[in-house]
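Participant: Residue numbers (numbering that gives the first Met the number 0), protein chains in the order written: chain R, 0 to 282; chain V, 0 to 282.
Note that CB positions come from ideal geometry on N, CA and C, so glycine has one too.
Okay, here's the structure, questions in a sec.
Number of protein chains: 2
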Amino acid sequence: MINEVSSNKMFGGLHKRFTHRSAACDCDMTFAIYLPPQASPQADGGTLPVLYWLSGLTCNDENFSTQAGAQRYAAELGIILVMPDTSPRGVNIPGEDDSYDFGSAAGFYLNATEKLWCNHYNMYDYIVKELPDLIEKNFPADPDRQSIFGHSMGGHGALTIALKNPDRYQSVSAFAPIVAPSQVPWGKKVLTGYLGSDEDSWEEYDSVALINGGKRVDHILVSQGKADDFLAEQLKPELLEAACKEKDIPITLNIVDGYDHSYFFIASFVEEHLRYHAAYLNV
Amino acid sequence: MINEVSSNKMFGGLHKRFTHRSAACDCDMTFAIYLPPQASPQADGGTLPVLYWLSGLTCNDENFSTQAGAQRYAAELGIILVMPDTSPRGVNIPGEDDSYDFGSAAGFYLNATEKLWCNHYNMYDYIVKELPDLIEKNFPADPDRQSIFGHSMGGHGALTIALKNPDRYQSVSAFAPIVAPSQVPWGKKVLTGYLGSDEDSWEEYDSVALINGGKRVDHILVSQGKADDFLAEQLKPELLEAACKEKDIPITLNIVDGYDHSYFFIASFVEEHLRYHAAYLNV
C-alpha cells in the first residue's frame with residue numbers, strides 16, 4: 000500500500016510523492032514519481048517505460064524532482080520518472096545522522112551486512128526489487144522497459160545496479176558518478192561501515208571492480224564537469240573509462256568544461272540523458 | 000560594489016549570486032543573475048536584454064533560480080535573467096520575522112511609509128532604480144531592453160512596476176499574480192502595515208486601481224492555475240481582466256486546468272513566458 004503525500008500538475012502530467020512501508024529497509028520510505036500526460040487514464044496509452052533516478056549524498060526525493068527540470072522531457076517522451084529517497088530514515092541507529100556521507104541520505108545503494116546497519120540499510124534490494132514491484136503494481140509501468148541513471152553516489156548506484164542486472168535495465172547513465180568506491184575516501188568509509196573491512200566484499204558494489212570481474216552492459220553514458228571539486232579525489236572517471244576499454248564496453252564519457260557537481264550541472268545535461276534513455280526504451 | 004557569493008556554469012552560461020549594500024533598503028541585499036553564453040567576453044555579443052523576475056511570499060533569490068528551469072530558455076534566447084530577493088533581511092525591525100506574509104520575504108515591492116518600515120522596506124525603489132543601475136554597471140545589460148515578470152506577490156510587483164513605468168519595460172507577465180491587493184486579505188494586511196490605514200495611499204500599489212486610474216501597458220500575459228488554493232480569495236484575476244477590458248488593455252489570461260500555486264506550475268509555463276518576453280525584447 001502506498002500513501003499519497005502530494006500531487007502537483009506539471010507539464011501536463013502529475014508529479015506525486017508517496018510514502019509506504021518498506022520491507023527491505025524495515026521503515027517508512029518516500030518516493031516521488033512523475034507520470035507524464037501519456038499515463039493519464041484518458042490517454043489510454045497502455046504501459047509506459049520507466050526511468051529510475053538515484054540521487055547523491057545529502058539528497059532526498061525532492062532534489063531532482065524540483066531542480067533538474069527532467070519532467071519537461073519525460074512529458075515529451077512519454078517516460079515515467081521514479082525518484083526514490085537515498086537511504087532509510089529515522090531508524091534509530093546510533094550515529095545515523097552524524098555525517099553527510101554515511102547513514103541517513105547516504106545509503107549507497109547496497110545491502111549492508113554489518114550488524115548495526117543490515118536490518119535497515121538495504122537500498123540495493125529496495126531499488127532493484129521492492130520499488131519496481133510497487134511501481135508496476137500501482138502505475139502503468141512497463142516492467143520490460145526500465146532504465147536507470149543517477150548522480151554522484153546515485154551514479155554509482157545506477158552503474159552497479161545496471162552492471163549486476165543487465166537484463167532488467169535497457170540503459171544506464173550517470174552524472175559525475177563514484178565509479179571505484181573501493182579506491183576513494185567516500186567509498187572506503189561507507190563500504191567499511193556497511194560491509195566491514197573485508198575488501199573482497201566491496202567488489203560487488205564497485206563499478207570498476209564489477210567490470211574487471213566480467214560484468215557488462217551494452218553502453219554507458221557519463222557526464223562529468225571538469226570544475227567538479229570532487230573529480231580528482233572521489234570520482235576518477237578515468238578508472239571507469241580504462242576498465243570499459245579493457246573489456247570492450249562502449250562508453251561515452253563527456254567531460255564538460257566549467258561545470259561543477261551541482262544541480263546547475265545536472266539541469267544543463269538532463270535533456271541529453273533523457274533522450275539517450277528514450278532511444279533505448281524505444282518510445 | 001557587488002560581492003560574488005557563488006558562480007555555477009549552467010546551459011553554457013553562468014548562474015551567479017551576489018551581495019551588495021543597498022541604499023534603498025539600507026541593508027545588505029542578495030540577488031542572482033543568469034548570464035547566458037552570449038554574455039561571455041568571448042562571445043562579444045554587445046549588450047543583451049534583461050528580464051527581471053520577482054518572486055512571491057516566503058521566497059528568496061534561490062527559488063526561481065533552482066526550480067523554474069528558465070535558464071534553459073534564457074540561454075537559447077540570449078536574455079540575462081535577474082532574480083532579486085523579496086525583501087530586506089535582518090534589519091532588526093520588531094516583528095519582521097513573525098509571519099510569512101509580512102516583513103521578511105514579503106516586501107511587496109513597494110516603498111513603505113510607516114515609521115517602523117520606511118527606512119528599509121523600499122523594494123520598489125530597489126527594483127526599479129537601484130538594482131537596474133547596478134546590473135547595467137556590472138554586466139553587459141542593455142538599459143533600453145528590459146522586461147519584468149513574477150509570481151504571486153512578485154506578479155503583483157511586476158504588474159504595478161510595469162504599469163507605473165511603461166517606458167522602462169518592454170513587456171510584463173505574471174504567474175498567479177495578486178492583482179488587487181486593496182481588495183484581498185494578503186494585500187490589506189501588508190498595505191496597512193507598510194503604508195498605514197489611508198486606503199487612498201494603497202492605490203499606487205494595486206494593479207487594478209492603477210489601470211482604473213489610467214495607467215496602461217501595451218499587453219499583459221497572465222498564467223493562472225485553476226487548482227490554485229489562493230485563486231478565489233487572494234488572486235482574483237477576473238478583476239484584472241475586467242479592468243483591462245474597461246480600459247482596452249490587451250490581456251492574455253490563461254487559466255490552466257489542474258495547476259496549483261507551486262513552482263511545478265511555474266516550471267510548466269516558464270518557456271511560454273520567456274518566449275513572450277523575447278518577442279518584445281527583439282532578441
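What are the boundary residues of the alpha helix (DSSP H) that includes residue 152 (chain R)?
Facilitator: Sequence index remark: in the first sequence, residue 152 (chain R) carries index 153 (1-based). Element bounds for residue 152 (chain R): 152–163.
Participant: Identify, in the order they occur along the chain, each residue of the same chain with its Cβ nearer than 8 Å to the Cβ of residue 235 (chain V), setting aside the five sequence neighbours on each side.
Facilitator: Within the second sequence, numbered from 1, the residue matching residue 235 (chain V) stands at position 236. 178, 179, 182 and 183, listed in sequence order.
Participant: For the segment 219–232 of chain R against the segment 192–202 of chain R, are there 3 or more C-beta pairs whose distance is under 8 Å?
Facilitator: The answer is no - the segment 192–202 of chain R does not touch the segment 219–232 of chain R, with fewer than three Cβ pairs under 8 Å.
Participant: Would you give the residue range spanned by the alpha helix (DSSP H) that residue 137 (chain R) belongs to?
Facilitator: Translated into positions along the first sequence, residue 137 (chain R) becomes position 138. Residues 130–137.
Participant: Counting only beta-carbon atoms, is residue 60 (chain V) nearer than 7 Å to chain R?
Facilitator: As a position in the second sequence, residue 60 (chain V) is number 61, starting the count at 1. Taking Cβ atoms only, chain R never reaches closer than 7 Å to residue 60 (chain V), which makes this a no.
Participant: Write down the C-beta distance between residue 240 (chain V) and residue 250 (chain V) rounded to the nearest angstrom, noting that I regard them as a contact closer than 8 Å.
Facilitator: Taking the second sequence and counting its residues from 1, the one referred to as residue 240 (chain V) is at position 241. Taking the second sequence and counting its residues from 1, the one referred to as residue 250 (chain V) is at position 251. Indeed, because the Cβ distance is near 6 Å, the residues count as touching under 8 Å.
Participant: In the structure shown, what three-state DSSP assignment does residue 144 (chain V) receive?
Facilitator: If you number the second sequence from 1, residue 144 (chain V) lands on position 145. Residue 144 (chain V): strand per DSSP, three-state reduction.
Participant: List the residues of chain R that residue 66 (chain V) touches, going by C-beta distances under 8 Å, in chain order.
Facilitator: For the purposes of this step, residue 66 (chain V) is taken as the residue at position 67 of the second sequence. Those within 8 Å of residue 66 (chain V) in chain R are 65 and 66.
Participant: Can you tell me whether DSSP reads residue 200 (chain R) as helix, strand or coil?
Facilitator: Position 201 of the first sequence, counted from the first residue, corresponds to residue 200 (chain R). In the structure shown, residue 200 (chain R) sits in a helix (DSSP, three-state: H, G or I).
Participant: Can you name the start and end residues of the alpha helix (DSSP H) that residue 26 (chain V) belongs to?
Facilitator: As a first step, residue 26 (chain V) is located in the second sequence; it is residue number 27 there, counting from the start. Per DSSP, residue 26 (chain V) belongs to no alpha helix (DSSP H); it is in the beta strand (DSSP E), 26–34.
Participant: Which of the three DSSP states, helix, strand or coil, is assigned to residue 207 (chain V)?
Facilitator: Numbered from its first residue, the second sequence carries residue 207 (chain V) at position 208. In this structure, residue 207 (chain V) counts as helix in the three-state DSSP scheme.
Participant: Answer yes or no: does any C-beta atom of chain V fall closer than 7 Å to that of residue 7 (chain R)?
Facilitator: Your numbering for residue 7 (chain R) matches position 8 in the first sequence. Yes, residue 7 (chain R) counts as interfacial toward chain V.
Participant: Tell me, please, which residues DSSP counts as bridged to residue 52 (chain V).
Facilitator: Within the second sequence, residue 52 (chain V) is the residue found at index 53, counting from 1. BP columns for residue 52 (chain V) point to V:148.
Participant: Just to confirm, is the Cβ distance from residue 255 (chain R) to residue 67 (chain R) under 7 Å?
Facilitator: Taking the first sequence and counting its residues from 1, the one referred to as residue 255 (chain R) is at position 256. Taking the first sequence and counting its residues from 1, the one referred to as residue 67 (chain R) is at position 68. Taking 7 Å as the Cβ cut-off, residue 255 (chain R) and residue 67 (chain R) do not qualify as a contacting pair.
Participant: Since residue 71 (chain R) meets chain V, which of its residues come closer than 7 Å, beta carbon to beta carbon?
Facilitator: Here residue 71 (chain R) refers to the residue found at position 72 when the first sequence is read from its first residue. What residue 71 (chain R) touches in chain V: 68.
Participant: In terms of residues, what are the limits of the beta strand (DSSP E) holding residue 184 (chain R)?
Facilitator: Residue numbering aside, residue 184 (chain R) sits at position 185 when the first sequence is read from its first letter. Looking at the DSSP string, residue 184 (chain R) is not in any beta strand (DSSP E); the run it does join, the alpha helix (DSSP H), is 184–194.
Participant: How about residue 148 (chain R): is its C-beta nearer than 7 Å to some C-beta of chain V?
Facilitator: Here residue 148 (chain R) corresponds to residue number 149 of the first sequence, with the count starting at 1. Chain V contact via Cβ: absent.
Participant: Within a Cβ cutoff of 8 Å, which residues of the same chain sit near residue 208 (chain R), ignoring the five residues on either side of it in sequence?
Facilitator: For this step, residue 208 (chain R) is matched to residue 209 along the first sequence. Around residue 208 (chain R): 179, 181, 201 and 202.
Participant: Taking 7 Å as the threshold (C-beta atoms), are residue 188 (chain V) and residue 101 (chain V) in contact?
Facilitator: Looking up residue 101 (chain V) in the second sequence gives position 102. Looking up residue 188 (chain V) in the second sequence gives position 189. Result yes, Cβ atoms of residue 101 (chain V) and residue 188 (chain V) sit closer than 7 Å.
Participant: List the residues of chain R that residue 292 (chain V) touches, going by C-beta distances under 8 Å, in chain order.
Facilitator: The displayed coordinates of chain V run from 0 to 282. Any statement about residue 292 (chain V) would go beyond what the structure contains.
Participant: Taking any Cβ of chain R, which residues in the segment 227–259 of chain V have a Cβ under 9 Å from it, in chain order?
Facilitator: Flagged, chain order: 255, 256, 257, 258 and 259.
Participant: Do you know how far the Cα of residue 40 (chain R) is from the Cα of residue 142 (chain R)?
Facilitator: Numbered from its first residue, the first sequence carries residue 142 (chain R) at position 143. Numbered from its first residue, the first sequence carries residue 40 (chain R) at position 41. The straight-line gap from Cα to Cα measures roughly 19 Å.
Participant: Per the DSSP calculation, residue 82 (chain R) is bridged to which residue(s)?
Facilitator: One-based indexing of the first sequence puts residue 82 (chain R) at position 83. Note: residue 82 (chain R) sits in a beta bridge opposite R:31.
Participant: Contact between the segment 163–177 of chain V and the segment 86–97 of chain V is defined here as three or more beta-carbon pairs at a separation below 8 Å; is this criterion met?
Facilitator: Touching, no.
Participant: List the endpoints of the continuous alpha helix (DSSP H) containing residue 71 (chain R).
Facilitator: Residue mapping note: residue 71 (chain R) aligns to position 72 of the first sequence, counting from 1. Run containing residue 71 (chain R): 70–76, per the alpha helix (DSSP H) assignment.
Participant: Taking beta-carbon pairs under 9 Å, can you tell me which members of the segment 158–175 of chain V lie near chain R?
Facilitator: If the cut-off is 9 Å between Cβ atoms, the segment 158–175 of chain V has nothing near chain R.
Participant: In its own chain, which residues sit with a C-beta less than 6 Å from the C-beta of residue 64 (chain R), not counting the 5 before and 5 after it?
Facilitator: Position 65 of the first sequence holds residue 64 (chain R). So the list reads 31 and 82, once near-sequence residues are dropped.
Participant: May I have the straight-line CA-CA distance separating residue 278 (chain R) from residue 272 (chain R), to the nearest angstrom?
Facilitator: Reading the first sequence from its first residue, position 279 is the one you call residue 278 (chain R). Reading the first sequence from its first residue, position 273 is the one you call residue 272 (chain R). Roughly 10 Å between the two C-alpha positions.
Participant: Under 8 Å: do the segment 51–59 of chain V and the segment 109–120 of chain V share three or more Cβ pairs, one atom per stretch?
Facilitator: The segment 51–59 of chain V vs the segment 109–120 of chain V: no contact.
Participant: Along chain R, which residues have their Cβ under 9 Å away from the Cβ of residue 266 (chain V)?
Facilitator: Looking up residue 266 (chain V) in the second sequence gives position 267. Under the 9 Å cutoff, chain R gives 9, 10, 65, 68, 70 and 71.
Participant: Say the cut is 6 Å; is the CB of residue 18 (chain V) nearer than that to a heavy atom of the ligand FMN?
Facilitator: Although the ligand FMN was asked about, the structure shown includes no ligands whatsoever.
Participant: Cβ of residue 272 (chain V) less than 7 Å from any chain R Cβ?
Facilitator: Walking along the second sequence from the start, residue 272 (chain V) turns up at place 273. No, its Cβ sits nowhere closer than 7 Å to a Cβ of chain R.
Participant: Is it right to say residue 247 (chain V) is buried, meaning 16 or more other beta carbons lie within 10 angstroms of its own, or is it exposed?
Facilitator: For this step, residue 247 (chain V) is matched to residue 248 along the second sequence. With fewer than 16 other Cβ atoms within 10 Å, it is exposed.
Participant: Could you check how far apart the C-beta atoms of residue 131 (chain V) and residue 46 (chain V) are, in whole angstroms? I think they sit under 8 Å.
Facilitator: Locating residue 131 (chain V) in the second sequence gives position 132, where the first residue counts as 1. Locating residue 46 (chain V) in the second sequence gives position 47, where the first residue counts as 1. The pair is not a contact, with the Cβ atoms about 13 Å apart (cut-off 8 Å).
Participant: For residue 263 (chain V), decide whether its Cβ has a neighbour in chain R, counting only Cβ atoms nearer than 7 Å.
Facilitator: Indexing the second sequence from 1 puts residue 263 (chain V) at position 264. At least one chain R Cβ lies under 7 Å of residue 263 (chain V).
Participant: Alpha carbons only, please: which of R:145, R:150, R:176 and R:152 is nearest the one belonging to residue 164 (chain R)?
Facilitator: Locating residue 164 (chain R) in the first sequence gives position 165, counting from the first residue. Ranking R:145, R:150, R:176 and R:152 by Cα distance to residue 164 (chain R) puts R:145 first.
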